[in-house]
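Asks: Position in the sequence shown (from 1) plus 49 gives the number in the numbering used here. Think of the CB as a built atom: it goes at the ideal place given N, C-alpha and C, for glycine as much as any other residue. Bear in mind the structure is a predicted one, so any value in this text is a computation, not a measurement. I have a structure I would like to understand better, so I am pasting it below and will then ask my questions one at a time.
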Amino acid sequence: QIVDDFSTMPEFAPWRIAADKRGLRCSIALPVIVDGDLDGALMVYAQELGAFDTLAQELLEDLAADLGYGIGRLRTMTRLQSTLDSMIDPFIIMQSVRDESGRLVDLRWIEANDAAVTYNGLTREQMLGARLLDVFPGQLEHGPLAQYFRTIETGEPTILDDYSYGNELIAEDRRYDIRATKCGDGLALTWRD
């Protein structure tokens, strides 16, 4: 809804004093749609009469649509993080680290649920953005890193049962059931000790 001039609208009288103090003379209100439902409104005011011509209206409609999309994505991410954090088993998402030639050389943590953070004894801030080989250097020669790389390159999942690994953070050998699947240019990984 566009109001080109507040002074011509008797129904705007209760807000006229506040608008006049700020020099506001017109407005546009646009619906913000999130996942197909009306979620709110974007209200924009202007000091110039008739400021909301066709071009301004189209640009603001795009902005309202972008806001709705962004709010929807944030809610989806919040639900996803809540789902991941409710999992008993550790779960992480890692992104490929490649050299100049495109060869896989490492993985970087980009997401971790609470169970993964707790298991590794690190804070979320210490984990996210860190490289796997900086935290677990043994993965290169004595761990499943080569299998993870194969999963990223081929799309075939990594399935390891009763896999023995000398965990550097815990400072002891442990046996793991590990599952990893390709996720973009990286992988989603879960394990059970």
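#1: To which residues of the same chain is residue 76 closer than 6 Å at the C-beta, ignoring the five residues directly before and after it?
#2: Between which residues of its own chain and residue 121 is the CB-CB distance below 7 Å, once the five residues before and five after are set aside?
#3: Mind checking which residues open and close the alpha helix (DSSP H) that includes residue 115?
#4: Below 8 Å CB to CB, which residues in the same chain sit around residue 159 once its five sequence neighbours on both sides are set aside?
#5: Is it the case that the Cβ atoms of residue 181 and residue 156 are separated by a distance below 7 Å?
#6: Going by beta carbon distance, what residues of the same chain come within less than 8 Å of residue 242, once the five residues before and after it are set aside?
#7: Go through the stretch 164-220 residue by residue and report every complete run of the alpha helix (DSSP H) that reaches 4 residues or more, in order.
#8: On the three-state DSSP scale, how would you describe residue 152?
#9: Please name the residue, chosen from 174, 154, 153, that lies closest to residue 163 on a Cα-to-Cα basis.
#10: Relative to the C-alpha of residue 190, which residue among 91, 221, 214 is closest?
#11: Assuming residue 240 and residue 138 are in contact, meaning their beta carbons sit under 8 Å apart, how far apart are those beta carbons, in whole angstroms?
#12: Secondary structure at residue 137, three-state DSSP: helix, strand or coil?
#13: For residue 184, tell me which candidate among 67, 81, 216, 78 has the shortest Cα-Cα distance.
#14: Return the chain-ordered list of same chain residues with a C-beta closer than 8 Å to the C-beta of residue 172, the five sequence neighbours on each side being excluded.
#15: From what residue to what residue does the beta strand (DSSP E) around residue 88 run?
#16: Which of helix, strand or coil does DSSP assign to residue 229?
Replies: Reading from the atomic positions:
#1: Within the same chain, residue 76 has close Cβ partners 52, 94.
#2: Here the set comprises 83, 84.
#3: Counting along the chain, the alpha helix (DSSP H) containing residue 115 begins and ends at 103-134.
#4: Same-chain partners within the cutoff: 142, 143, 144, 177, 178, 235.
#5: Less than 7 Å separates the beta-carbon of residue 181 from that of residue 156.
#6: Correct list, in chain order: 168, 223, 224, 225.
#7: You should have 173-176, 181-184, 188-191, 194-203.
#8: In the three-state DSSP reduction, residue 152 falls in the coil class, being neither helix nor strand.
#9: A check of alpha carbon separations from residue 163 across 174, 154, 153 identifies 174 as the nearest.
#10: Here the closest residue by C-alpha is 214.
#11: Going by Cβ atoms, the distance from residue 240 to residue 138 rounds to 7 Å, so yes, they are a contact pair.
#12: In the structure shown, residue 137 sits in coil (DSSP, three-state: anything other than H, G, I, E or B).
#13: Per the Cα distances, 216.
#14: Hits under 8 Å: 166.
#15: Where residue 88 is concerned, the enclosing beta strand (DSSP E) stretches over 86-95.
#16: DSSP places residue 229 in strand when its eight states are reduced to three.
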